[in-house]
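S.K.: First the structure, which I've put down as structure tokens, then a few questions once you've had a look.
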Amino acid sequence: MTPPELLLISPPDYQTREFRGAQPLGIAYLAAALRAAGIASQLLDANLGGPTPLEPLTQQLNRFVAGVRQAGGRPVVGISMVSQVTATVAELAERIKRADPETLVIVGGYHPTFADREILEDFPAIDLCVRGEGEQTIVELMQHWQEAAAGPADLGRQGVASIDWGHILGVTWRQGAEIVVNPSRPNNTALDALPFPARDLLPPLQAYAPYADTVAGKMRLKASMISSRGCPFHCNFCAIIAFYGDAGGMAWRGRSVDNVVAEMIELAERDGASHFEFQDDNFFVQPKRALAIVQQYAATGRDFSFAFLTRPDQVVKGERYFPALRQAGLRYVSVGIESGSDASLVRMVKQTGVEINRRALEILHNNDVAAQVEFIMFEPGSLLEDLQANLHFIEQQGLFGYFPPLVFTCLLLMPGTPARSQMELERGLSGNIHQVLPYEFIDPQVTEVFQLLDEFRSRLGDRWYELAFRLLDGLPALEISLQQEQVPAALSLDPRRLAQLKLEFFALTRIPYQLLRDGLDLAARGQHLAGQPELLSRAEAELAEVSSRVQLLLPRAP
2 MTPPELLLIS
12 PPDYQTREFR
22 GAQPLGIAYL
32 AAALRAAGIA
42 SQLLDANLGG
52 PTPLEPLTQQ
62 LNRFVAGVRQ
72 AGGRPVVGIS
82 MVSQVTATVA
92 ELAERIKRAD
102 PETLVIVGGY
112 HPTFADREIL
122 EDFPAIDLCV
132 RGEGEQTIVE
142 LMQHWQEAAA
152 GPADLGRQGV
162 ASIDWGHILG
172 VTWRQGAEIV
182 VNPSRPNNTA
192 LDALPFPARD
202 LLPPLQAYAP
212 YADTVAGKMR
222 LKASMISSRG
232 CPFHCNFCAI
242 IAFYGDAGGM
252 AWRGRSVDNV
262 VAEMIELAER
272 DGASHFEFQD
282 DNFFVQPKRA
292 LAIVQQYAAT
302 GRDFSFAFLT
312 RPDQVVKGER
322 YFPALRQAGL
332 RYVSVGIESG
342 SDASLVRMVK
352 QTGVEINRRA
362 LEILHNNDVA
372 AQVEFIMFEP
382 GSLLEDLQAN
392 LHFIEQQGLF
402 GYFPPLVFTC
412 LLLMPGTPAR
422 SQMELERGLS
432 GNIHQVLPYE
442 FIDPQVTEVF
452 QLLDEFRSRL
462 GDRWYELAFR
472 LLDGLPALEI
482 SLQQEQVPAA
492 LSLDPRRLAQ
502 LKLEFFALTR
512 IPYQLLRDGL
522 DLAARGQHLA
532 GQPELLSRAE
542 AELAEVSSRV
552 QLLLPRAP
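The opening residue of the sequence shown carries number 2 in this note's numbering; numbering runs sequentially from there.
Right, here's the structure in full:
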């Protein structure tokens with residue numbers, strides 16, 4: 002295999018505060034497909050340890066490109082692209098081209114699937130867009146690129162532009178002044194035939210945040226996995242159906258049980274993984290298959306835990322499976338509750354209801370499985386009574402103070418989502434395809450409540466998030482250290498102090514929820530929130546008090 006000419010990048014996300022980092026499997030799947038075809042590549046996770054600042058990242062890219070040139074190669078940079086990192090990706094592409102105009106720049110992922118034409122029209126530094134699933138497409142692109150190398154040694158920028166990519170499915174490219182959209186590539190129905198992700202080209206699992214398994218009293222190396230692709234449901238804020246739908250075929254495709262378990266065994270034996278986080282769009286589409294995967298792996302005798310994502314109605318329909326799932330090692334389920342208002346759920350085409358949501362959380366609680374709640378507090382049709390219903394649901398379900406905060410969440414009109422198309426049609430909205438489509442709430446009281454919480458984030462958000470993450474990341478590890486009696490005596494940490502710190506974390510995370518409650522109470526009485534500065538002043542004072550108490554309680558090394 003020749004030295005790599007291709008660098009695949011998971012670009013930095015500077016916007017998502019709650020992003021905690023995990024191995025980027027998308028580019029790792031591409032690298033594995035390339036390797037199987039005899040083509041080498043390098044991978045770069047620009048979110049490891051937090052998003053890499055733009056200047057150091059640019060230097061890394063320039064070093065790669067210069068190294069390929071010095072070795073007599075022709076560099077290619079492929080960047081994974083979702084809508085929220087579009088500006089960053091466009092800037093990286095410009096910097097790459099300024100340093101070396103002959104480098105081929107490819108983007109793929111959700112945003113290029115929905116905005117391929119606009120990307121090539123608006124960002125001349127980007128040469129190609131890959132739409133839909135990319136494993137076979139990137140292989141064919143690189144094979145064609147290498148074939149072109151048999152021609153003139155230095156194609157130059159004009160040479161790059163003159164390559165005919167017309168025979169490769171799933172590609173949008175430039176032919177002179179024309180943008181050419183090749184036919185879509187059918188979705189891959191033979192997922193077992195795909196090689197496992199090339200994790201060896203990424204930093205090891207030890208470089209990523211471990212999972213603090215307080216049930217078993219141990220820290221576990223966490224491995225992300227994808228056992229299926231797609232989702233058969235049609236929530237209007239989600240782009241999954243549109244992403245896979247353009248290529249036709251089945252909305253959901255799953256790998257075989259044997260294939261998934263083989264990857265789990267490899268991760269355990271090679272990398273030491275013992276916590277598996279299934280990041281499928283919807284892992285629980287076939288409950289029998291889900292249970293078979295973890296039970297077959299458990300039969301190998303390995304100690305492990307796992308987690309997955311699904312919908313509340315599937316939790317309810319699959320209730321009978323949860324005792325066995327919990328026994329096998331299930332620790333938490335990320336469940337798309339979305340709202341405590343039936344009216345909002347109807348507008349979002351969730352095909353669920355508040356009672357289903359309540360029952361799903363109850364089932365998880367009864368089986369000692371934690372719920373990671375996905376929620377949308379604000380959506381375009383929100384009325385004051387919807388926000389009140391959301392708060393009531395949060396209070397009833399013991400989610401007052403849940404972190405990451407549910408109260409800040411707002412439905413985003415992303416490219417490719419039915420909700421965006423609906424708002425464009427019904428309200429005549431329009432906007433840049435590379436940005437979230439802005440909208441106004443139809444209820445002015447909802448606007449005031451939203452602005453109150455937005456001001457909290459602007460004024461206090463950095464301090465609040467910093468302390469919340471410090472406790473969130475530290476407390477489970479401290480608890481496990483206490484369980485294992487491994488806390489140095491000099492740290493003066495005992496169960497009582499740990500319990501006090503947990504209470505302070507709860508006091509901290511309740512602050513924005515209390516702000517929402519106070520704002521809704523005033524709005525219900527017809528008062529305008531803009532003239533109520535004491536609301537934020539109380540929140541700021543409470544944050545200062547909690548911060549002071551935490552500083553006194555946190556253990557300090559001598």
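Backbone N, C-alpha and C define an ideal beta-carbon position, used for all residues, glycine too.
If you pair each beta-carbon of the segment 526 to 537 with each one of the segment 470 to 483, do three or more pairs fall below 8 angstroms?
M.R.: no
S.K.: Taking all protein chains shown into account, do 16 or more other C-beta atoms lie within 10 angstroms of the C-beta of Asp-455, making it buried, or fewer, making it exposed?
M.R.: The residue given as residue 455 occupies position 454 in the sequence shown. With fewer than 16 other CB atoms across the displayed protein chains lying within 10 angstroms of its CB, Asp-455 is exposed.
S.K.: Is Ile-443 buried or exposed, if buried means 16 or more other CB atoms sit within 10 Å of its CB?
M.R.: To locate residue 443, count along the sequence shown from 1; it is residue 442. Burial call: exposed.
S.K.: Rounded to whole angstroms, what's the CA-CA distance from Glu-103 to Ile-434? Just pull it up for me.
M.R.: Counting from 1 along the sequence shown, the entry for residue 103 is found at position 102. Counting from 1 along the sequence shown, the entry for residue 434 is found at position 433. Cα-Cα distance, rounded: 28 angstroms.
S.K.: Please work out which residues of its chain come closer than 7 angstroms, Cβ to Cβ, to Phe-457, disregarding the five sequence neighbours upstream and downstream, and give them in chain order.
M.R.: Against the sequence shown, residue 457 aligns to sequence position 456. Shown here for Phe-457: same chain residues with a beta carbon closer than 7 angstroms to its own, the five before and five after excluded, namely Pro-513, Leu-516, Leu-537, Ala-540 in chain order.
S.K.: With contact counted as at least three CB pairs below 8 angstroms, one residue from each stretch, are the segment 438 to 453 and the segment 383 to 403 in contact?
M.R.: yes
S.K.: Taking His-366 as the reference, give the member of Arg-327, Lys-98, Leu-392, His-145 with the closest Cα.
M.R.: By 1-based counting over the sequence shown, the position of residue 366 is 365. Ranking Arg-327, Lys-98, Leu-392, His-145 by Cα distance to His-366 puts Arg-327 first.
S.K.: Suppose contacts are defined by Cβ-Cβ distances below 9 angstroms. Is Ala-372 in contact with Val-347 by that definition?
M.R.: Within the sequence shown, numbered from 1, the residue matching residue 372 stands at position 371. Within the sequence shown, numbered from 1, the residue matching residue 347 stands at position 346. No, Cβ-Cβ distance for Ala-372 and Val-347 is not below 9 angstroms.
S.K.: For the pair the segment 289 to 300 and the segment 261 to 275, tell me if three or more CB-CB distances fall below 8 angstroms.
M.R.: yes
S.K.: If you count every other CB in all the chains shown that lies within 10 Å of the CB of Ala-178, and 16 or more means buried, which is it?
M.R.: On the sequence shown, position 177 is the one that residue 178 refers to. By the 10 Å Cβ count, Ala-178 comes out exposed.
S.K.: If I follow the unbroken alpha helix (DSSP H) through Lys-318, where does it start and stop?
M.R.: Translated into the one-based positions of the sequence shown, residue 318 becomes position 317. It spans 313 to 318 - the alpha helix (DSSP H) in which Lys-318 sits, taken as one unbroken run.
S.K.: Would you decide whether Leu-509 is buried or exposed? Buried here means 16 or more other CB atoms lie within 10 Å of its CB.
M.R.: Within the sequence shown, the letter at position 508 stands for residue 509. By the 10 Å Cβ count, Leu-509 comes out buried.
S.K.: For a cutoff of 9 angstroms on Cβ pairs, would you count Ile-139 as touching chain D?
M.R.: Judged by its chain identifiers, the structure shown contains no chain D, having just a single protein chain.
S.K.: Are the beta-carbon atoms belonging to Leu-192 and Arg-256 less than 9 angstroms from one another?
M.R.: Taking the first residue of the sequence shown as 1, we reach residue 192 at position 191. Taking the first residue of the sequence shown as 1, we reach residue 256 at position 255. Contact: yes.
S.K.: Taking buried to mean at least 16 other C-beta atoms within 10 Å of its own C-beta, is Leu-544 buried or exposed?
M.R.: As a working mapping, residue 544 is identified with position 543 in the sequence shown. The residue in question, Leu-544, is buried, as its Cβ has 16 or more Cβ neighbours within 10 Å.
S.K.: In the structure shown, what three-state DSSP assignment does Phe-379 receive?
M.R.: As a working note, residue 379 is residue 378 in the sequence shown. DSSP places Phe-379 in strand when its eight states are reduced to three.
S.K.: Could you check whether Pro-13 and Ala-72 sit closer than 9 angstroms to each other, using their CB atoms as the reference points?
M.R.: The count along the sequence shown starts at 1 and reaches residue 72 at position 71. The count along the sequence shown starts at 1 and reaches residue 13 at position 12. For Ala-72 and Pro-13, no; Cβs fall outside 9 angstroms.
S.K.: What do you get for Gly-527, buried or exposed, if any count of 16 or more other CB atoms within 10 angstroms of its CB means buried?
M.R.: Residue numbering aside, residue 527 sits at position 526 when the sequence shown is read from its first letter. Answer is exposed; the Cβ neighbour count stays below 16.
S.K.: For Ile-180, does the three-state DSSP call read helix, strand or coil?
M.R.: To locate residue 180, count along the sequence shown from 1; it is residue 179. Three-state DSSP puts Ile-180 in a strand.
S.K.: Compute the distance between the beta-carbons of Leu-44 and Leu-9, then report whether it is under 9 angstroms.
M.R.: On the sequence shown, residue 44 is found 43 positions in, with the first residue counted as 1. On the sequence shown, residue 9 is found 8 positions in, with the first residue counted as 1. In this structure, Leu-44 lies near Leu-9, with their beta-carbon atoms less than 9 angstroms apart.
S.K.: With distances taken Cα to Cα, identify the nearest neighbour of Asn-189 among Arg-230, Pro-406, Gly-354, Asp-165.
M.R.: What you label residue 189 is simply residue 188 of the sequence shown in a count that begins at 1. The shortest C-alpha separation from Asn-189 is found at Arg-230.
S.K.: Can you list, in chain order, the residues of its chain with a C-beta nearer than 7 angstroms to that of Pro-416? Leave out the 5 residues immediately preceding and following it.
M.R.: For the purposes of this step, residue 416 is identified with residue 415 of the sequence shown, where counting begins at 1. Annotation for Pro-416: Ser-84, His-112, Phe-115, Ala-116, Ile-434 place their beta carbon closer than 7 angstroms to its own, counting only its chain and skipping 5 residues before and after.
S.K.: Which residue wins for smallest C-alpha separation from Arg-200, given the options Arg-36, Gly-246, Val-370, Gln-436?
M.R.: Position 199 of the sequence shown holds residue 200. That would be Arg-36, whose Cα lies nearest to the Cα of Arg-200.
S.K.: According to DSSP, what are the bridge partners of His-276?
M.R.: Numbered from 1 along the sequence shown, position 275 holds the residue referred to as residue 276. Answer is Lys-223, Ser-306.
S.K.: Do Met-378 and Leu-331 have their C-beta atoms closer together than 9 angstroms?
M.R.: As a position in the sequence shown, residue 378 is number 377, starting the count at 1. As a position in the sequence shown, residue 331 is number 330, starting the count at 1. Going by C-beta atoms, Met-378 is not nearer than 9 angstroms to Leu-331.
S.K.: Leaving out the 5 sequence neighbours to the left and right, which residues in its chain are closer than 7 angstroms to Arg-158 when beta-carbon positions are compared?
M.R.: On the sequence shown, residue 158 is found 157 positions in, with the first residue counted as 1. Unreliable placement is indicated for Arg-158, whose pLDDT of 41 sits below 50; no coordinate value is reported for it.
S.K.: What separation, rounded to the nearest whole angstrom, lies between the Cα atoms of Arg-205 and Arg-428?
M.R.: Residue 205 sits at position 204 when you count from the first residue of the sequence shown. Residue 428 sits at position 427 when you count from the first residue of the sequence shown. Sequence inspection shows Pro at residue 205; the Arg mentioned does not correspond to that position. Cα atoms of Pro-205 and Arg-428: separation of roughly 48 angstroms, rounded to the nearest angstrom.
S.K.: Do the CB positions of Leu-479 and Leu-504 come within less than 9 angstroms of each other?
M.R.: Numbered from 1 along the sequence shown, position 478 holds the residue referred to as residue 479. Numbered from 1 along the sequence shown, position 503 holds the residue referred to as residue 504. The answer is no: Cβ separation not under 9 angstroms.
S.K.: Leaving aside the five residues before and after Ala-86 along the sequence, list all residues of the same chain whose C-beta is less than 7 angstroms from its C-beta, in chain order.
M.R.: Here residue 86 is taken as the residue at index 85 of the sequence shown, counted from 1. Checking the sequence, you will find Val at residue 86 rather than Ala. Taken in chain order, the residues that qualify are Pro-12, Asp-14.
S.K.: Under the rule that 16 or more other beta-carbon atoms within 10 Å means buried, what is Ala-34, buried or exposed?
M.R.: Walking along the sequence shown from the start, residue 34 turns up at place 33. Burial check for Ala-34: the Cβ neighbour count within 10 Å reaches 16 or more, so the residue is buried.
S.K.: Look up Leu-472 in the DSSP assignment and give the residues it is bridged to.
M.R.: Taking the first residue of the sequence shown as position 1, residue 472 is located at position 471. Beta-bridge pairing links Leu-472 to no other residue.
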